[in-house]
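Participant:
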Amino acid sequence: MTLLHEDHLFPADPEIRGIARRLYRTIRKLPILSPHGHTEAAWFATDQPFPNPATLLIVPDHYIFRMLYSQGITLEELGIGKESLTQSEARAIWAIFAANYYLFRGTPTRIWLDFAFQELFGLKQTLTAKNAEKYYDAIAAKLAEPGFRPRALYKRFNIEVLSTTNSALDPLTDHQAIRNSGWKARILPTFRPDAVVDPDFDDFRKNVAQLGEMHGEDTGHWTGYLRALSKARQRFKQLGCTATDHGHPTANTADLDAAAAAKLYSEVLGGGAGADRRELFRAQMLTEMAAMSLEDGLVMQIHPGAWRNHNEQLFKKFGRNIGADIPTRTDYVRGLHPLLQKYGNERSLTIVLFMLDESTQGRELAPLAGHYPCLRLGPPWWFFDSPEGMMRFREYTTETAGFYNTAGFNDDTRAFLSIPARHDVARRVDCAFLARLVAEHRLGEDEAAEVAHALAYGLARQTYRL
Amino acid sequence: MTLLHEDHLFPADPEIRGIARRLYRTIRKLPILSPHGHTEAAWFATDQPFPNPATLLIVPDHYIFRMLYSQGITLEELGIGKESLTQSEARAIWAIFAANYYLFRGTPTRIWLDFAFQELFGLKQTLTAKNAEKYYDAIAAKLAEPGFRPRALYKRFNIEVLSTTNSALDPLTDHQAIRNSGWKARILPTFRPDAVVDPDFDDFRKNVAQLGEMHGEDTGHWTGYLRALSKARQRFKQLGCTATDHGHPTANTADLDAAAAAKLYSEVLGGGAGADRRELFRAQMLTEMAAMSLEDGLVMQIHPGAWRNHNEQLFKKFGRNIGADIPTRTDYVRGLHPLLQKYGNERSLTIVLFMLDESTQGRELAPLAGHYPCLRLGPPWWFFDSPEGMMRFREYTTETAGFYNTAGFNDDTRAFLSIPARHDVARRVDCAFLARLVAEHRLGEDEAAEVAHALAYGLARQTYRL
Amino acid sequence: MTLLHEDHLFPADPEIRGIARRLYRTIRKLPILSPHGHTEAAWFATDQPFPNPATLLIVPDHYIFRMLYSQGITLEELGIGKESLTQSEARAIWAIFAANYYLFRGTPTRIWLDFAFQELFGLKQTLTAKNAEKYYDAIAAKLAEPGFRPRALYKRFNIEVLSTTNSALDPLTDHQAIRNSGWKARILPTFRPDAVVDPDFDDFRKNVAQLGEMHGEDTGHWTGYLRALSKARQRFKQLGCTATDHGHPTANTADLDAAAAAKLYSEVLGGGAGADRRELFRAQMLTEMAAMSLEDGLVMQIHPGAWRNHNEQLFKKFGRNIGADIPTRTDYVRGLHPLLQKYGNERSLTIVLFMLDESTQGRELAPLAGHYPCLRLGPPWWFFDSPEGMMRFREYTTETAGFYNTAGFNDDTRAFLSIPARHDVARRVDCAFLARLVAEHRLGEDEAAEVAHALAYGLARQTYRL
């Protein structure tokens, strides 16, 4: 008995399944390129063992606790907001989780966890209230072994590149420490400037001042601010960074002239800008970032459309990232127009677009990426990084944008142990999609194998300039 | 030869079909819980035989006559708007229907009707112009039998609970009569307050005055109005009501303070409120109803997004519910925000959300229901209460919200004879979906059987507090 | 070895595939009705041989060059904007195309081209950089044969009706020449009035003046303008035209009274109308066109939702139709309301609605077409005239609108050689969809065969009054 069958996620039809298996066999063991994610460089810098199973698997994973919360379990019961857990607290949390594991039926969380339970911890029976203790003990025992430290897992997972996501203000000391240690691995920072380009971010003005100090620029005015940002990007590049990441509420961009932009910046910095002006500033900053990418070659990632912290009561108690970010309708065609008018035809620029609004896939994203040379489509993200979401992504984008205007897979996770599972799911689903095309005589199997390789490895490498 | 094959709606793949059959066998005969619908309590109070086939099956069913109308048949030809039909009129209508039955190919109406034709009336050949008379006679003969009276059918259909939908002003005499009759059945009213909370409803002011009279409250001011509503809910509860139903044009909610709400009520009642203010009033009333649900435990159902009576010419001639209600884009994330800020974290509140805009399923509804403890997703409704619609509902919501944040099935019908067919379709489609997960090794068959039971029975019972 | 398998596009499941094959066999050889497209009447008037392969297949096909452009190939390299190509230029373009043919994997362009390569030119191996020359020579040799002239191909393709699309100002001399030639074929013009009803069209005022001159009317005022339009439609009708075509940015319609419309026309003509007023004018003109259709019986086609020339840099250099038109969100329910209030119940009016926003299919289009007698749904268009797009169209519209409120297939192409391929794809996909319904016991195979015939032939004939 196993948790995951070897044909897991492959269509039942014997012909399609046979083709999917053959395609998958050719890419299954390719190294993992993880050019976008939220693991911590500190783990690899210090290489300390992970603490108990609850702290490792449950507390940091909003996919898990949002589902439990939706069914009436409080965040307090799950240890959210605590700095650390005692053994008995960790066991109590694990027990709640185990008793409610059935809630995850049909979700990707179930797949990621079962994959880790089986492949890493050798567990073979579905987690339930009954075997919760046995599970806890088995995982805890493994976590104490040297082979389960971060660096050992990095190697075991066959990772070739792992990018973290870092505030523009991050001193990057952990990245530096990894480099200094002589460890042979590519852990790369990604430049995420929200804290210094989004006027609604906590402590925006203080952040901008700090940015100036870090780079010897006067961020009290527009040109000094731009210079400081440019230097900050250089600082990231020196540690291997190849990309920036922008998580705006909308896909709006703007193209103000320098004087208007400087005026807007003064307003925003002075605190006198209304909601529309603050949105315009974010919009303008995307275009400014594109200009800098043209200069320094960093790949630009745009992740629009989340209403962050929709549940204000919880936000006040527990802060960000507690599972209450909700997707909203996004308009890429109008939003990106100013940026694309300015830089859309630049062939040395790469912009990766992510989506949380599936209705844009066929209508907006595939047509845009199937035309503008600078655009690539990021993989299905967040609520859609799942078998059905990934399959729909291919079904809705391929006919217009083809495969080669997509950016390969991102795991985008802070759950380190889920990385192999997430890439495995993506590879299986892509093989399943390709196998259907082959079985329906829409693509030769030899061509499908080339595409499968590109989707699993080549496109990520090319898109992110790795 | 039969109208419906025993494998009806199961996927063709032999492996998936085999699993679907096995799952279906375990739930096929579960009692029907029908917690939301539009049958008439009067049928069960009086237990009179249904009149002729046309009056029973065609005249009240806008699914049927909208399709015929779309193809050039007038509503007059179909007897819409007539109080009753002579035998020859009924036969003439039936003949038109039969000659055009091919128009329903591929629609759920065809399934519901074929199911009733076969299971209730023993008919075995597809309805056509040729056999129209034979059909009519066969159905008419059965309707005269005692076994086809409403109470007998209720029993034959294996219904455990049947909820009707009733205006807040409904005297509920039929429900009372059923209770008084000693008949062992659960026919429950549902509290639908549109007539007294929607300023655009016909005779709104008169309705509000009547509400006050019924409950000995002065609805001329805000607090009296709220008290009257609360008492009206109590009156429904005494007859077994467990839920309210709210069919607003949008999902907008509001959270005004008491003074602002009182002022708005005065404006609305005085007739001086513009369209925005009337919409704000409806929005505020959803939040007020949620507050009352917290008090009295009634489950709240929100059905937003229909543009009622889009065809104004027909509305003037024939009134409401003649097939010209059209879905519109709906924004749940912004619309529900005020209500959710106030009550979203209440674990003793249950709000069931329905949708007419499928693009919200993955983007908005599943993320909201997968987080807020008060939310449950209603089944695919109206234009989507169909095999493809039900399948997409599972495909788009399960990965984020799971199965256990959904509310089980509702038939939502005024076509009493279609109730067993509708539940059968839902059960089959859910089994087909689950069977694919099992065949793709995403769920064990034992777990799938538990889920199938919950979807067919347990979740409706739990959600609606039956 | 072949480029396209005989089971091409049929589902892999053996049962479904078997049914699909049988259904397809009954309709495969039906004549082609092409009631909407962009071929040139001049080809058939002059019957000159097509020039080289690049000029025939690549330069005019924005599906091809937008994909190449998106991957960094310039339009200049592809000969876009050149009046004609030398042999060596044509060969160089062909070489680029061949080397990048892999980009089209998974796209409909690949299918259309492989179909033509195989069926017309007898080629059997996938186009690559290696066999590019061989391909070029083979195609060029065929194009020199008499059997590859336009009229011969029309016959070979088994076309029964072929409609072109023509500006309201088109002198239609080529259509007249075809008639005069005595050639037995039905090449029909379609009335496309954008140039004279869209104030944002290049040279709008000049166009309107020219319209007046052509028809002896004073288009300087509203009633003269309407009379000129009406006469222009008559002129088209005399050459066999049965339909008009309207490609607006939105689905907005309006119903102004005559005085308000006349005033708006003056404003628009005077150049003083702002963006909102110009949009209102387009909206009003759709309703005026519907009024004229009621008079003269021309079928009205509405194609809303494209943001034309989104890439302004390219537009300035290369003009229209270079692959930079992007779909946008469309609101049919609100937009069409004024027109439908006025004419929606007219049974002698036919309006065919097309979409570029798939989220409207289930939510808006199927409910509207399943009610209003004047409405028919056009086939999936442009970015969705593809196997997945066509399949989703049936999945999203059939349950509400049925099959008989759809308009049959349009190829909508300027790529003459792709016409048989496009109709073949549509027929195969419809048979695949129907075969699934049959296999799932939702439709009898005999009924499915009737539907297949209607979708391939009968509905286009009926809808377009051919």
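Protein chains in written order, with the working numbering: chain W, 586 to 1051; chain H, 586 to 1051; chain C, 586 to 1051.
Cβ coordinates follow ideal geometry from the N, Cα and C atoms, glycine included.
Between the Cα of E931/W and those of G908/W, G882/W, P965/W, spot the shortest distance and give me the residue it belongs to.
Facilitator: Comparing Cα-Cα distances from E931/W to each of G908/W, G882/W, P965/W, the minimum goes to G882/W.
Participant: Check each residue of the region 944 to 959 of chain C: if its Cβ is closer than 8 Å to any Cβ of chain H, include it; give the result in chain order.
Facilitator: Within the region 944 to 959 of chain C, the qualifying residues are S944, G947, R948, E949, A951, P952, L953, A954, G955, H956, Y957, P958.
Participant: Report the partner residues of D830/W according to the DSSP bridge assignment.
Facilitator: Note: D830/W sits in a beta bridge opposite Q886/W.
Participant: Which residues, in chain order, does the region 816 to 835 of chain H contribute to contact with chain W at a C-beta distance below 7 Å?
Facilitator: Listed by position, the residues of the region 816 to 835 of chain H near chain W (Cβ gap below 7 Å) amount to none.
Participant: Do P778/C and A753/C have their C-beta atoms closer together than 8 Å?
Facilitator: Against a cut-off of 8 Å, the Cβ pair of A753/C and P778/C comes out as a contact.
Participant: For the region 920 to 942 of chain W, which residues have a CB atom closer than 8 Å to at least one CB atom of chain C, in sequence order?
Facilitator: Within the region 920 to 942 of chain W, the qualifying residues are H922, L925, Q926, G929, N930, R932.
Participant: I want to check one thing, is the minimum distance from the CB of K791/W to the heavy atoms of the ligand ATP below 7 Å?
Facilitator: With respect to the ligand ATP, the structure shown offers nothing to examine, as it has no ligands at all.
Participant: Could you tell me which uninterrupted alpha helix (DSSP H) segments, each at least 4 residues in length, are contained entirely in the region 594 to 651 of chain W, listed from first to last along the chain?
Facilitator: Those alpha helix (DSSP H) runs which fall completely within the region 594 to 651 of chain W and span 4+ residues are 599 to 612, 626 to 631.
Participant: With 8 Å as the C-beta to C-beta threshold (strictly closer), list the residues of the region 644 to 662 of chain C near chain W in chain order.
Facilitator: Cβ contacts with chain W come from R651, M652, Y654, S655, Q656, G657.
Participant: Sorted by chain position, which residues of the same chain lie with C-beta nearer than 6 Å to A954/H's C-beta, five sequence neighbours on each side aside?
Facilitator: These residues qualify, in order along the chain: L960, L962, A986, N990.
Participant: Cβ of W892/H less than 8 Å from any chain C Cβ?
Facilitator: Chain C, which has a Cβ nearer than 8 Å to the Cβ of W892/H, makes this yes.
Participant: To the nearest angstrom, report how far apart S619/W and T827/W are at their CA atoms.
Facilitator: C-alpha separation (whole angstroms): 12 Å.
Participant: Can you find a CB in chain C that lies within less than 8 Å of the CB of T913/W?
Facilitator: Cβ-Cβ to chain C under 8 Å: no for T913/W.
Participant: Out of I772/H, G947/H, N896/H, which one is the CA nearest neighbour of H922/C?
Facilitator: For H922/C, the nearest C-alpha among the options comes from N896/H.
Participant: What are the start and end residues of the beta strand (DSSP E) that includes S748/H?
Facilitator: Unbroken beta strand (DSSP E) run through S748/H: 744 to 748.
Participant: Tell me, which residues are paired with L938/H by DSSP?
Facilitator: L938/H pairs with I887/H, L962/H.
Participant: Which one of S669/W, R606/W, D699/W has the shortest CA to CA distance from A683/W?
Facilitator: Checking every option, the nearest Cα to that of A683/W belongs to D699/W.
Participant: Return the Cβ separation of L924/H and L871/H in integer angstroms, given the expectation that the two are a contact with Cβ distance under 8 Å.
Facilitator: Rounded, the Cβ-Cβ distance is 6 Å, consistent with contact.
Participant: By Cβ distance below 8 Å, which residues in the same chain neighbour L879/W in space, the five residues on each side in sequence not counted?
Facilitator: Same-chain partners within the cutoff: Y928, E931, S933, L934.
Participant: Would you identify the three-state DSSP class for W892/H, choosing helix, strand or coil?
Facilitator: If DSSP states are grouped into helix, strand and coil, W892/H belongs with the strands.
Participant: If the cut is a Cβ gap below 7 Å, which residues of chain W does A1140/C touch?
Facilitator: There is no way to answer for residue 1140/C, as the model of chain C reaches only from 586 to 1051.
Participant: State the Cα-Cα distance for the pair F1018/W and V1014/C, rounded to the nearest angstrom.
Facilitator: Using only the alpha carbons, I get a separation of about 17 Å.
Participant: For a contact defined as C-beta to C-beta under 8 Å, what are the partners of D840/W on chain C?
Facilitator: Correct list: empty, because the minimum Cβ distance to chain C is about 12 Å.
Participant: What beta strand (DSSP E) runs, 3 residues minimum, are completely inside the region 741 to 808 of chain H?
Facilitator: As far as the region 741 to 808 of chain H is concerned, its whole beta strand (DSSP E) runs of at least 3 residues are 744 to 748.
Participant: Give the interface partners of N896/W over in chain H, defined as CB-CB distance under 9 Å, in chain order.
Facilitator: Simply L925, Q926, G929, N930, H956, Y957.
Participant: For Q946/H, collect the residues of the same chain with a Cβ closer than 7 Å to its Cβ; drop the 5 residues on either side in sequence, then sort them by chain order.
Facilitator: Cβ neighbours of Q946/H beyond the five flanking positions: M940, F978, Y981, T982.
Participant: Just list the residues that DSSP pairs T982/W with in beta bridges.
Facilitator: Its beta-bridge partners do not exist; DSSP assigns none.
Participant: Rounded to whole angstroms, what's the CA-CA distance from A843/H to Y810/H? Just pull it up for me.
Facilitator: Between A843/H and Y810/H, the C-alpha separation is close to 13 Å.
Participant: I think L824/W touches Q761/W, with their Cβ atoms under 8 Å apart; what is that distance to the nearest whole Å?
Facilitator: The pair is a contact, with the Cβ atoms about 7 Å apart (cut-off 8 Å).
Participant: Do you know how far the Cα of E730/H is from the Cα of A737/H?
Facilitator: So the alpha carbons of these two residues sit roughly 10 Å apart.
Participant: Rounding to the nearest angstrom, what Cα-Cα distance links R790/H and R905/H in this structure?
Facilitator: R790/H and R905/H: Cα-Cα distance of roughly 19 Å.
Participant: Would you mind giving the Cβ-Cβ distance between I936/H and A875/H, rounded to the nearest angstrom? I have them listed as a contact below 8 Å.
Facilitator: Yes, they are in contact, since the Cβ atoms of I936/H and A875/H sit about 7 Å apart, within 8 Å.
Participant: Taking Cβ-Cβ distances shorter than 8 Å, what residues in chain H pair up with P756/W?
Facilitator: Simply none; closest approach about 34 Å.
Participant: Tell me where the alpha helix (DSSP H) around L698/H begins and ends.
Facilitator: Looking at the DSSP string, the run of the alpha helix (DSSP H) that includes L698/H is 693 to 704.
Participant: Given this structure, state the Cα-to-Cα distance separating D632/W from F742/W, to the nearest angstrom.
Facilitator: Using only the alpha carbons, I get a separation of about 15 Å.
Participant: What would DSSP say about I678/W, mapped onto helix, strand or coil?
Facilitator: Helix, per DSSP.
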